[in-house]
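Asks:
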Amino acid sequence: MKQRIAICPGSFDPITVGHLDIIRRAAAMFDEVIVVVMVNANKQSCFSLDQRVEMIRKSTANIPHVTADSYYGLLAEYAAEKGAAAIVKGLRAMSDFEYEFQMALTNKKLNPAVETVFLTTSAENMYLSSSMVKQIASMGGDVSDFVPAEIHRDVLQRFQQRSESNEH
Ligand code: PNS
6 MKQRIAICPG
16 SFDPITVGHL
26 DIIRRAAAMF
36 DEVIVVVMVN
46 ANKQSCFSLD
56 QRVEMIRKST
66 ANIPHVTADS
76 YYGLLAEYAA
86 EKGAAAIVKG
96 LRAMSDFEYE
106 FQMALTNKKL
116 NPAVETVFLT
126 TSAENMYLSS
136 SMVKQIASMG
146 GDVSDFVPAE
156 IHRDVLQRFQ
166 QRSESNEH
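The end of the sequence shown is residue 173 by the numbering used here, with every number in the run present.
1) How would you write the range of the beta strand (DSSP E) that G23 sits in, first residue to last?
2) Does the distance between the C-beta of G15 and the nearest non-hydrogen atom of ligand 1 fall short of 7 Å?
3) Could you work out which residue in G88, A81, M131, A84 is closest to S2 when comparing CA atoms only?
4) Using alpha carbons as the reference points, say which of K94, F52, N45 lies closest to V38.
5) Can you check whether the CB of L80 is closer than 8 Å to the CB of I92?
6) Got a sec, what are the start and stop residues for the beta strand (DSSP E) L124 sits in?
7) Tell me, to the nearest whole angstrom, how far the beta carbon of L96 is from that of E105; I am working on the premise that it is less than 8 Å.
8) Does the beta carbon of K87 fall short of 7 Å from some heavy atom of ligand 1?
9) With distances taken Cα to Cα, identify the nearest neighbour of S127 among A98, M137, K114.
10) Could you pull out every residue in the same chain whose Cβ sits closer than 8 Å to the Cβ of N116, ignoring the five residues on either side in sequence?
11) At 3 residues or longer, what runs of the beta strand (DSSP E) sit wholly inside the segment 88 to 158?
12) Can M137 be considered in contact with ligand 1, in the sense that its beta carbon sits closer than 7 Å to one or more heavy atoms?
13) When you compare only the Cα positions, how much space is there between V138 and D36?
14) Quick one: measure Cβ to Cβ for T21 and S135, integer angstroms, because I've assumed they're closer than 8 Å.
15) For A187, is the classification buried or exposed, using 16 other Cβ atoms within 10 angstroms of its Cβ as the cut-off for buried?
16) Relative to the C-alpha of Q166, which residue among N67, D147, D74, A142 is closest?
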């Protein structure tokens, strides 16, 4: 039988417990889930592409049929390359909707074979974003509830390095 592949794309700078919740739920719906770190031209990243992929690998190691990858290019092309049936994204508030809707329509135009599926975020992750995590961590706040336990140290180390380099 044909494997149903889903792609979970994003910046994942870094992966949060909100992302992980969506990935887990996607893994329950599809045969295989590829979490792909894409380059978002509108955002400057804090972690390198490789670091982000590695953090996803660590965080999803115990979820069967989930792999991590990175791609520089169009999501619609990546989805075609992988023969994906769906792009899965989490939707938080209405404020996410307009941008996500625009991306979904663009991706449908570029690759009509792939559907975008939105999963509503779990209520406890409604407010959570990678930007919030970075802001809190950069001020020395506690992000342990917001990032997967497997990467908590990596996030702390990154911001420790940053504050050390700012001291010089
Ligand atoms: O986590 P993000 O930053 O909201 O994810 C956005 C992302 C990376 C999925 C989006 O910017 C993307 O797909 N970038 C790849 C380039 C592309 O395909 N652009 C056209 C889609 S509108």
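Even for Gly, the Cβ is constructed at its ideal location relative to N, Cα and C.
Replies: Short version:
1) The residue you call residue 23 lines up with position 18 of the sequence shown. From DSSP, G23 is part of no beta strand (DSSP E) but of the alpha helix (DSSP H) over 22 to 34.
2) For the purposes of this step, residue 15 is taken as residue 10 along the sequence shown, with counting starting at 1. Answer for G15: yes, Cβ within range of ligand 1.
3) Residue 2 lies beyond the residue range present for the chain, which begins at 6 and ends at 173; the question has no answer from this structure.
4) On the sequence shown, position 33 is the one that residue 38 refers to. It is K94 whose Cα lies nearest to the Cα of V38.
5) For the purposes of this step, residue 92 is identified with residue 87 of the sequence shown, where counting begins at 1. For the purposes of this step, residue 80 is identified with residue 75 of the sequence shown, where counting begins at 1. Cβ distance < 8 Å, so I92 and L80 count as in contact.
6) Here residue 124 refers to the residue found at position 119 when the sequence shown is read from its first residue. In the DSSP assignment, L124 falls within the beta strand (DSSP E) that extends over 120 to 125.
7) Working through the sequence shown from its first residue, we reach residue 96 at position 91. Working through the sequence shown from its first residue, we reach residue 105 at position 100. Cβ-Cβ separation between L96 and E105: approximately 6 Å, consistent with a contact (criterion under 8 Å).
8) Counting from 1 along the sequence shown, the entry for residue 87 is found at position 82. Incorrect: K87 has no Cβ contact closer than 7 Å to ligand 1.
9) As a first step, residue 127 must be located in the sequence shown, where it is residue number 122. Closest by alpha carbon: A98.
10) Along the sequence shown, read from residue 1 onward, the residue named residue 116 stands at position 111. Within the same chain, Cβ atoms closer than 8 Å to the Cβ of N116 are found at A81, E82, A84, A85, the five residues on either side in sequence being excluded.
11) Within the segment 88 to 158, the runs of beta strand (DSSP E) at least 3 residues long that lie entirely inside it are, in chain order, 91 to 96, 120 to 125.
12) Numbered from its first residue, the sequence shown carries residue 137 at position 132. M137 Cβ: outside cutoff for every heavy atom of ligand 1.
13) In the sequence shown, counting from the first residue as 1, residue 138 sits at position 133. In the sequence shown, counting from the first residue as 1, residue 36 sits at position 31. As the crow flies, the alpha-carbon of V138 is around 31 Å from that of D36.
14) The residue given as residue 21 occupies position 16 in the sequence shown. The residue given as residue 135 occupies position 130 in the sequence shown. Yes, T21 and S135 are in contact; Cβ-Cβ is about 6 Å, under 8 Å.
15) A question about residue 187 goes unanswered here, because the residues of the chain that appear run from 6 up to 173.
16) Sequence index remark: in the sequence shown, residue 166 carries index 161 (1-based). Looking at the Cα atoms, A142 is the closest of the given residues.
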